[in-house]
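Colleague:
Protein chains: 2
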Amino acid sequence: MSETKASASRRSRAANQKRRTILSAALPLFSQFGLHGTSLERVAESADVSKTNLLYYFPSKEALYIALLEDLLEVWLAPLKAFSAQQDAITAIEHYILLKLTVSRDHPQASKLFCLEMLQGAPLLTHTLNTALKQLVDEKSAIIQGWIDAGQLAPIDPLHLLFTLWATTQHYADFGVQVAAISGKNLDDPVFFQQTFDNVKRIIIRGITC
Amino acid sequence: MSETKASASRRSRAANQKRRTILSAALPLFSQFGLHGTSLERVAESADVSKTNLLYYFPSKEALYIALLEDLLEVWLAPLKAFSAQQDAITAIEHYILLKLTVSRDHPQASKLFCLEMLQGAPLLTHTLNTALKQLVDEKSAIIQGWIDAGQLAPIDPLHLLFTLWATTQHYADFGVQVAAISGKNLDDPVFFQQTFDNVKRIIIRGITC
DNA sequence: GTCTATATGCCGATAGAC
DNA sequence: GTCTATCGGCATATAGAC
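Each protein sequence line maps, in turn, to chains U and H.
Counting from 1, position 65 in the first sequence corresponds to residue 64 in numbering that gives the first Met the number 0; the numbering is continuous, with no gaps.
Counting from 1, position 207 in the second sequence corresponds to residue 206 in numbering that gives the first Met the number 0; the numbering is continuous, with no gaps.
(1) Is it true that the segment 103–120 of chain U meets the segment 18–38 of chain U, where meeting means three or more beta-carbon pairs spaced less than 8 Å apart?
(2) I'd like to know if the segment 193–208 of chain H and the segment 158–177 of chain H are in contact, where contact means that at least 3 CB-CB pairs between them fall below 8 Å.
(3) Just verifying my parser: in three-state terms, what is the DSSP assignment at P122 of chain H?
(4) Helix, strand or coil for C209 of chain H? Go by DSSP, reduced to three states.
(5) Would Q86 of chain U pass as an interface residue toward chain H - the criterion being a Cβ-Cβ separation below 9 Å?
(6) Find the nearest neighbour of P107 of chain U within the set U:Q119, U:P27 and U:F191, judged by alpha-carbon distance.
(7) Does DSSP put D47 of chain U in a helix, in a strand, or in coil?
(8) On the criterion of 16 or more Cβ atoms from any shown chain inside 10 Å, does M0 of chain H qualify as buried, or is it exposed?
(9) How should P78 of chain U be labelled, buried or exposed, when 16 other C-beta atoms within 10 angstroms of its C-beta is the threshold for buried?
(10) For A109 of chain H, which of helix, strand or coil comes out of DSSP?
(11) Under a three-way DSSP split, which group does D70 of chain U fall into?
(12) I need the DSSP call for T37 of chain U, collapsed to helix, strand or coil.
(13) For chain H, is any of its Cβ atoms less than 9 Å away from the one on Y95 of chain U?
(14) Does DSSP put T3 of chain H in a helix, in a strand, or in coil?
(15) Pairing CB atoms from the segment 174–192 of chain H with CB atoms from the segment 119–138 of chain U, are three or more of them under 8 Å?
(16) Per DSSP, what kind of secondary structure is N129 of chain U in: helix, strand or coil?
(17) Taking 9 Å as the CB-CB limit, is G206 of chain U close to chain H?
(18) Would DSSP call R10 of chain U helix, strand or coil?
(19) Check the C-beta distance from A121 of chain U over to L67 of chain U and give it rounded, since I have them as a contact under 8 Å.
(20) Output the distance between the C-alpha atoms of D105 of chain U and L22 of chain U, rounded to the nearest integer angstrom.
(21) Can you give me the Cβ contacts of Q144 of chain U inside the same chain, cut-off strictly under 6 Å, excluding the 5 residues immediately before and after it?
(22) Taking only beta-carbon atoms, is R201 of chain U less than 9 Å away from chain H?
(23) How many whole angstroms separate the CB atoms of L100 of chain H and F192 of chain H, which I take to be in contact at a CB cut-off of 8 Å?
(24) Among U:N52, U:G150, U:S30 and U:S49, whose alpha-carbon lies nearest the alpha-carbon of D87 of chain U?
(25) So, helix, strand or coil for H92 of chain H, using DSSP?
(26) Please report the distance separating the alpha-carbon of P58 of chain U from that of E44 of chain H.
(27) Could one say the Cβ of A25 of chain U lies closer than 9 Å to chain H's Cβ atoms, at least one of them?
(28) Exposed or buried, S49 of chain H, counting other C-beta atoms within 10 Å across all chains shown (16 or more means buried)?
(29) For G175 of chain U, does the three-state DSSP call read helix, strand or coil?
(30) Taking the beta carbon of T163 of chain H as the centre, do at least 16 other beta carbons fall within 10 Å, making it buried, or is it exposed?
(31) Can you grab the Cα-Cα spacing for the pair D70 of chain H / I92 of chain U, in whole Å?
(32) Compute the beta-carbon to beta-carbon distance between H159 of chain U and T195 of chain H, rounded to the nearest angstrom, for a pair I have assumed lies under 8 Å.
(33) Have a look at U:Y171, U:Q177 and U:G175 and flag the residue whose alpha-carbon is nearest the alpha-carbon of N198 of chain U.
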């Protein structure tokens with residue numbers, strides 16, 4: 000039994016590499032066309048493997064989709080985890096906005112796939128939302144509430160502040176097409192990125208300082 | 000030729016009624032599962048017509064989808080059209096937030112379908128975005144800029160203000176599942192609706208007043 | 001592990017009677 | 001306008017050789 004070691008070494012390095020290649024190929028397709036709008040054939044083609052070979056690494060289409068979701072959840076939650084009480088309130092929130100806008104710029108497809116999942120009622124993420132995310136949010140809400148109690152922030156509802164932060168930053172990824180249609184720019188443009196950061200920061204920070 | 004009259008009377012009243020029934024049945028399904036995730040069979044079943052009969056009223060699945068999108072675009076743009084220079088800046092923006100939150104509460108599926116279309120790169124709406132929406136936004140941006148020039152608002156970028164308004168209000172519809180998982184509530188709860196309105200209003204209005 | 005061939009099922013759309 | 005029957009295509013998944 001060579002498969003009894005730790006999870007990380009369960010599969011050979013080559014196999015894991017191939018899995019990652021397939022996952023990378025799947026992300027842009029699933030995020031744009033959804034689970035049902037994407038055929039395994041196209042994923043396989045994009046990953047440069049045969050369809051049967053793909054099904055050797057992932058037992059089913061849904062298994063591939065789930066693996067992808069779990070993968071990106073990491074990217075997704077990272078900025079929130081970085082949120083710390085150690086910092087000054089304003090500095091922390093400014094930093095959070097920057098981090099989230101950076102994710103919107105560098106991982107728009109991850110943001111979109113997450114959004115897609117939410118639209119569908121998060122059938123595969125319900126549990127994660129109710130446990131891991133809920134707990135994380137509770138922790139961070141407490142930090143925000145602490146800042147409010149300390150007089151560093153105006154008395155707003157921490158939850159709604161988080162919703163506002165998420166909404167305003169993710170919008171530039173999820174609605175990127177609309178933003179581009181109207182402004183003619185997107186976050187890849189350094190000037191537009193800075194302008195977006197300044198405006199979002201300005202509105203929200205002014206909105207929550209005493 | 001009884002079909003040569005105005006568009007509104009092209010079809011009999013009964014036929015138009017049936018079309019609307021089918022469209023109503025299609026909205027929740029398309030908005031949740033997308034174009035490819037929804038079968039005509041299910042739409043027909045939900046509308047209580049046969050699949051062939053459905054295809055008599057809409058020549059193809061895509062035609063039905065497009066008809067639906069055009070339908071909801073109306074609902075979608077209505078709040079922005081109501082935005083008027085006649086009003087005081089703060090009053091107008093507060094009213095706009097209320098209108099948009101009302102749409103998020105009463106037409107969450109329309110909001111979701113629109114969002115879904117955006118995620119996919121708006122293949123069917125590109126033209127509308129680039130013409131009708133672009134023009135509408137240009138008009139309303141000018142109004143906002145007018146308020147800024149008159150010293151009624153802080154000097155923020157009108158476009159980013161609009162993006163922020165859209166993002167924060169639509170979030171409660173599009174990410175309704177996440178909001179529910181974390182807060183345990185949704186906009187149908189009158190108390191939560193008011194709380195949401197107060198918080199969004201507070202953050203944004205304070206963020207843009209001089 | 002990777003291939004060819006194929007089983008199997010679903011779905012969009014059409015034909016044609018009534 | 002509405003029905004029954006069915007065609008044709010596509011996509012997931014499996015069987016089995018190598």
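For every residue, glycine included, the Cβ atom is placed at its ideal position computed from N, Cα and C.
Modeller: Let me spell this out:
(1) Touching, yes, given that three or more Cβ pairs across the two stretches are closer than 8 Å.
(2) The segment 193–208 of chain H vs the segment 158–177 of chain H: in contact.
(3) DSSP places P122 of chain H outside both helix and strand once states are collapsed to three, so it counts as coil.
(4) C209 of chain H falls in the coil class under three-state DSSP.
(5) For Q86 of chain U, not one C-beta of chain H is nearer than 9 Å to its own C-beta.
(6) Comparing Cα-Cα distances from P107 of chain U to each of U:Q119, U:P27 and U:F191, the minimum goes to U:P27.
(7) If DSSP states are grouped into helix, strand and coil, D47 of chain U belongs with coil.
(8) Annotation note: pLDDT 41 at M0 of chain H (below 50); position unreliable, no value reported.
(9) By the 10 Å Cβ count, P78 of chain U comes out buried.
(10) Three-state result, A109 of chain H: helix.
(11) Shown here, D70 of chain U sits in a helix according to DSSP, grouped into three states.
(12) Of the three classes helix, strand and coil, the one that applies to T37 of chain U here is coil, per DSSP.
(13) Residue contact with chain H for Y95 of chain U: absent (no Cβ-Cβ distance below 9 Å to any residue of chain H).
(14) With a pLDDT of 41 at T3 of chain H, under the threshold of 50, the modelled position of that residue is not reliable, and the figure given next carries that caveat. In this structure, T3 of chain H counts as coil in the three-state DSSP scheme.
(15) Yes: at least three Cβ pairs fall under 8 Å.
(16) Helix.
(17) Any Cβ of chain H closer than 9 Å to the Cβ of G206 of chain U would place that residue at the interface, and such an atom is present.
(18) R10 of chain U falls in the coil class under three-state DSSP.
(19) Not really, about 15 Å apart at Cβ, beyond 8 Å.
(20) Approximately 17 Å, taken between the alpha carbons.
(21) Close CB contacts of Q144 of chain U within its chain, under the 6 Å cut and outside five residues either way in sequence, are with P157 (chain order).
(22) Answer yes: the Cβ-Cβ gap between R201 of chain U and chain H drops below 9 Å somewhere.
(23) That belief holds up - the Cβ atoms of L100 of chain H and F192 of chain H are roughly 7 Å apart, short of 8 Å.
(24) Of the candidates U:N52, U:G150, U:S30 and U:S49, the one whose C-alpha sits nearest the C-alpha of D87 of chain U is U:G150.
(25) A quick correction: the sequence has Ile, not His, at residue 92 of chain H. DSSP places I92 of chain H in helix when its eight states are reduced to three.
(26) Roughly 32 Å separates the two Cα atoms.
(27) With respect to chain H, the C-beta atom of A25 of chain U has no partner C-beta closer than 9 Å.
(28) S49 of chain H comes out exposed.
(29) Under the three-state reduction of DSSP output, G175 of chain U falls in the helix class.
(30) Buried, by the Cβ-count rule.
(31) The straight-line gap from Cα to Cα measures roughly 40 Å.
(32) The Cβ separation is near 6 Å, so the contact holds.
(33) Nearest to N198 of chain U by alpha-carbon distance, out of U:Y171, U:Q177 and U:G175, is U:Y171.
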